[in-house]
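For the sequence shown, our numbering assigns the number 21 to the initial residue and increments by one for each residue that follows.
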Amino acid sequence: MAVHSISQMDFGSKTQLEGTRLQIYVEELRRCILQDRRLQSVDLEIARPGESCRAGYVFDIIEPRAKEPGSGADFPGILGPVTPVGQGVTHVLRGAAVTVVDGGQPGGELGYESRRGGVSKILEMSGEAAKRSSYSDLQHLVMVPRAHPDIKRHAVLNALRVASCRAAVFLAQTALSQLP
21 MAVHSISQMD
31 FGSKTQLEGT
41 RLQIYVEELR
51 RCILQDRRLQ
61 SVDLEIARPG
71 ESCRAGYVFD
81 IIEPRAKEPG
91 SGADFPGILG
101 PVTPVGQGVT
111 HVLRGAAVTV
121 VDGGQPGGEL
131 GYESRRGGVS
141 KILEMSGEAA
151 KRSSYSDLQH
161 LVMVPRAHPD
171 IKRHAVLNAL
181 RVASCRAAVF
191 LAQTALSQLP
């Protein structure tokens, strides 16, 4: 693995990695995510450590990573066919995260029930709860994808998974031409 440390994430006019600063061009990322026709829109925000920010209900948190060309598939079984893994070089953006918040469906239920019956999966970036979180020290690209209202819930959940992986690869591809 080629690990690239990320200490700052911002929106800008170009998607690029400059040292430990990841800059994201929102419209380019939005086009990438909305290739999936099950999604009608996506909101994008950045949440940073220490900010007064709470996001939820979190569907997933993924570390951005992408394979070098010719090194195999990115997220096999999700973004492409199931293939063997463990070959080639994977570029990882350590300190960054793609956090997908389930925006629900119009008229549908929002959130998830844990096996114990309580709602879980809230991201806290400051305060006491953040001190107990494994994720509060990361730079988060927070995505809230919204599906078309006629899409069944199981297909929406699959669209959220695909969107999270597409965004993770999109961000990590900024590191492909750089040494860690």
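Ideal placement from N, C-alpha and C gives every residue a C-beta, glycine not left out.
Sorting VAL120, ARG68, ALA150 and GLN107 by C-alpha distance to the C-alpha of VAL164 places VAL120 at the top.
Taking C-beta atoms as the reference points, VAL176 and ALA167 count as a pair closer than 8 Å. At the C-beta level, GLN159 and MET29 come within 8 Å of one another. A direct Cα-Cα distance of roughly 30 Å separates HIS111 from GLN60. Here MET21 is exposed. Its C-beta has fewer than 16 other C-beta atoms within 10 Å. For PHE31, the uninterrupted beta strand (DSSP E) run begins and ends at 28-31, by DSSP. Just so you know, the alpha carbons of ASN178 and GLY76 end up roughly 18 Å apart.
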